[in-house]
Amino acid sequence: DLSLIRYVCQKTAIMYLGRIVEIGPTEEIIREPRHPYSQALLAAVPVVDLDVHSRIEVEGEAPNPIDVPSGCRFHPRCKKALGICRNEAPPMVRIGNRSVECHLCV
Numbered sequence: 005d006l007s008l009i010r011y012v013c014q015k016t017a018i019m020y021l022g023r024i025v026e027i028g029p030t031e032e033i034i035r036e037p038r039h040p041y042s043q044a045l046l047a048a049v050p051v052v053d054l055d056v057h058s059r060i061e062v063e064g065e066a067p068n069p070i071d072v073p074s075g076c077r078f079h080p081r082c083k084k085a086l087g088i089c090r091n092e093a094p095p096m097v098r099i100g101n102r103s104v105e106c107h108l109c110v
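FYI, the numbering for the sequence shown is 5 to 110, going by the numbering used here.
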C-alpha cells in the first residue's frame, strides 16, 4: 500500500515488469520520484487534498511480462520516452542516495 510506505519503510524499490526502476530512501522517492513510472505510480496514490498533486495518466496496455519490450520496459507507455529508450535498456544510475534505471537521468 503506497499510502503507508513512508510510515513503515526507510528504503523503497519501485518495480516495473520484474525490474527495479528506482530504489532509495522512501522519503526521497515520495518527495521527488525520478523514473516516469515511479512518478505515475505515486501520483495515483489517493489523497484528501487534490491540490497536493495531480494524477499522471499512463496510457496503453501493460506489456505481456513474458514478452517484454526491447530497450526500456516502460518505453511503450512513457510520455517522455526518447529514441534510445526503444532500443537500449537503460543503465542503473546513481543519483545521490538512490538509483534510477532511466535514460532521462543519465
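Note that the Cβ used here is the ideal one computed from N, Cα and C, for glycine as well. Quick caveat: nothing in here was measured; it's all calculated off a predicted structure.
Cβ pair residue i, residue j closer than 7 Å
| i | j | result |
| --- | --- | --- |
| LYS84 | LEU108 | yes |
| ILE27 | ARG10 | no |
CA-to-CA distance, residue j to residue i, given in whole angstroms
| i | j | result |
| --- | --- | --- |
| ILE88 | PRO94 | 9 Å |
| ASN68 | VAL12 | 31 Å |
| MET99 | GLU92 | At residue 99 the sequence reads Ile, which differs from the Met that was named. Answer to the nearest angstrom: the Cα atoms are 20 Å apart. |
Residue i classed as buried or exposed, judged by whether at least 16 other C-beta atoms fall within 10 angstroms
| i | result |
| --- | --- |
| GLY22 | exposed |
| GLY75 | buried |
Proximity winner among the options, relative to residue i (alpha-carbon distances)
| i | options | result |
| --- | --- | --- |
| VAL104 | ILE18, CYS13, SER7 and GLN14 | ILE18 |
| TYR20 | ALA48, PHE78 and GLY64 | PHE78 |
| ARG90 | ALA48, PRO73 and HIS39 | PRO73 |
| VAL25 | GLN14, SER42, LYS15 and GLU36 | SER42 |
| PRO50 | ASP71, LEU8, VAL110 and PRO29 | LEU8 |
| VAL62 | ASP71, PRO80, GLY75 and ASP5 | PRO80 |
| PRO37 | ASP71, ILE70 and LEU6 | LEU6 |
heavy atom of the ligand NAP below 6 Å from residue i C-beta
| i | result |
| --- | --- |
| ARG23 | Only the bare structure without any ligand can be found here, which leaves the ligand NAP out of the picture. |
Contacts around residue i, its chain only, beta-carbon distance under 7 Å, and the 5 residues preceding and following it disregarded
| i | result |
| --- | --- |
| GLU32 | ASN101 and ARG102 |
| PRO29 | GLN14, LYS15, ASN101 and ARG102 |
Chain-order list of residues whose beta-carbon lies under 6 Å from that of residue i (same chain, five-residue window excluded)
| i | result |
| --- | --- |
| PRO115 | One cannot answer for residue 115 here, as it falls past the ends of the chain, which runs 5 to 110. |
Beta-carbon proximity list for residue i, same chain, < 8 Å, skipping 5 on both sides
| i | result |
| --- | --- |
| LEU86 | HIS107 and LEU108 |
| VAL97 | SER103, VAL104, GLU105, CYS106, CYS109 and VAL110 |
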